[in-house]
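Peer 1: Please see the structure below; I have some questions.
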Amino acid sequence: MECDIVGPHLNSFNWLLEDGFDAAVQDLPPFEAETNDGRRLSIEISNPVVGYPSLSGEGQTVSSVKLYPIEVFPQCRQRGLTYKARVTASINLALDGVMVDKLESVTIGEIPIMVKSKRCHLQNFTPKQLIAKGEEESELGGYFIIGGLEKIVRLHIVPRRNFALFDCPDRFLYETLIRGKEHDEFWKG
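Take the sequence shown: its position 53, counting from 1, is numbered 53 in full-length UniProt numbering, and each next residue is one higher.
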């Protein structure tokens, strides 16, 4: 019997890459400030994109050179490297409600990439291809390489939603708690 122990980790990280960043950025309110001459400046972030791990140099990235975990990992313990990719987004600038500039593909940070996720170059490799790249034949993924160490994120169990919980702390007192959720997973209780 085969157990897909890392499937939930990979699915969760892939959701973050495909939908989660977009949802998070859409929920960010625009940054607004007043200029010295009394005009309203508005800065808004849109279209976040997570790239693929690649070689980085002084202030530039060589994105045509694919970076595999094995190429990072032997040196990670000595150099403290992380298997990561750049995150870019569009920055919209508006003055008094009128769009004045849109900056495309601005680097807003970096994110560690989960091994075997949709942004990892090993995602669809066969066992033979994995061996050719110096990986384990049965590599499952589902972890990060951060500062040269393999790290996992434990999944947590979410309490049951839209269900009444009853408690009777003493003979004459009854308590009820009902937890629900909105579409964006925030608790409303």
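For each residue, glycine too, the CB sits at the ideal point set by N, CA and C.
Go through its chain and collect everything with a Cβ distance to residue 61's Cβ below 6 Å, but skip five positions before and after it.
Peer 2: Counted from its first residue, the sequence shown places residue 61 at position 61. Confidence in residue 61 is poor, its pLDDT being 46 and thus under 50, which makes the residue's placement too unreliable to answer from.
Peer 1: Smallest Cα separation from residue 16: which of 45, 145, 114 and 91?
Peer 2: Reading the sequence shown from its first residue, position 16 is the one you call residue 16. Selected option, being the one with the closest Cα: 114.
Peer 1: The beta strand (DSSP E) that contains residue 84, what's its start and end?
Peer 2: The count along the sequence shown starts at 1 and reaches residue 84 at position 84. DSSP places residue 84 inside the beta strand (DSSP E), whose first and last residues are 84-95.
Peer 1: Count the CB pairs spanning the stretch 123-143 and the stretch 90-97 that are closer than 8 Å, and state whether there are at least three.
Peer 2: no
Peer 1: Which of helix, strand or coil does DSSP assign to residue 177?
Peer 2: What you label residue 177 is simply residue 177 of the sequence shown in a count that begins at 1. In the structure shown, residue 177 sits in a strand (DSSP, three-state: E or B).
Peer 1: So, with DSSP's three-state summary, where would you put residue 127?
Peer 2: For the purposes of this step, residue 127 is identified with residue 127 of the sequence shown, where counting begins at 1. DSSP places residue 127 in helix when its eight states are reduced to three.
Peer 1: For a test of the three-state rule: what should DSSP assign to residue 50, helix, strand or coil?
Peer 2: Taking the sequence shown and counting its residues from 1, one reaches residue 50 at position 50. Residue state, collapsed to three classes: strand.
Peer 1: Note down the Cα distance separating residue 44 from residue 90, rounded to an integer number of angstroms.
Peer 2: As a working mapping, residue 44 is identified with position 44 in the sequence shown. As a working mapping, residue 90 is identified with position 90 in the sequence shown. Cα-Cα distance, rounded: 8 Å.
Peer 1: Using a C-beta cutoff of 8 Å, does residue 82 count as contacting chain D?
Peer 2: No chain D is part of this structure, which consists of one protein chain only.
Peer 1: Tell me whether residue 5 is buried or exposed, calling it buried when 16 or more other Cβ atoms sit within 10 Å of its Cβ.
Peer 2: One-based indexing of the sequence shown puts residue 5 at position 5. Residue 5 should be labelled exposed.
Peer 1: Please determine, among 169, 19 and 101, the residue with the shortest C-alpha to C-alpha distance to residue 92.
Peer 2: On the sequence shown, residue 92 is found 92 positions in, with the first residue counted as 1. Here the closest residue by C-alpha is 101.
Peer 1: Cβ of residue 178 within 8 Å of Cβ of residue 82?
Peer 2: Position 178 of the sequence shown, counted from the first residue, corresponds to residue 178. Position 82 of the sequence shown, counted from the first residue, corresponds to residue 82. Not closer than 8 Å, so no.
Peer 1: Between 25, 41 and 124, which lies nearest to residue 32 when the distance is taken from Cα to Cα?
Peer 2: Position 32 of the sequence shown, counted from the first residue, corresponds to residue 32. Of 25, 41 and 124, the smallest CA-CA separation from residue 32 is found for 41.
Peer 1: Determine the closest residue to residue 85 out of 34, 104, 108 and 140, with distance taken between C-alpha atoms.
Peer 2: Position 85 of the sequence shown holds residue 85. For residue 85, the nearest C-alpha among the options comes from 108.
Peer 1: To the nearest angstrom, how far is it from the Cα of residue 11 to the Cα of residue 169?
Peer 2: Along the sequence shown, read from residue 1 onward, the residue named residue 11 stands at position 11. Along the sequence shown, read from residue 1 onward, the residue named residue 169 stands at position 169. Cα atoms of residue 11 and residue 169: separation of roughly 40 Å, rounded to the nearest angstrom.
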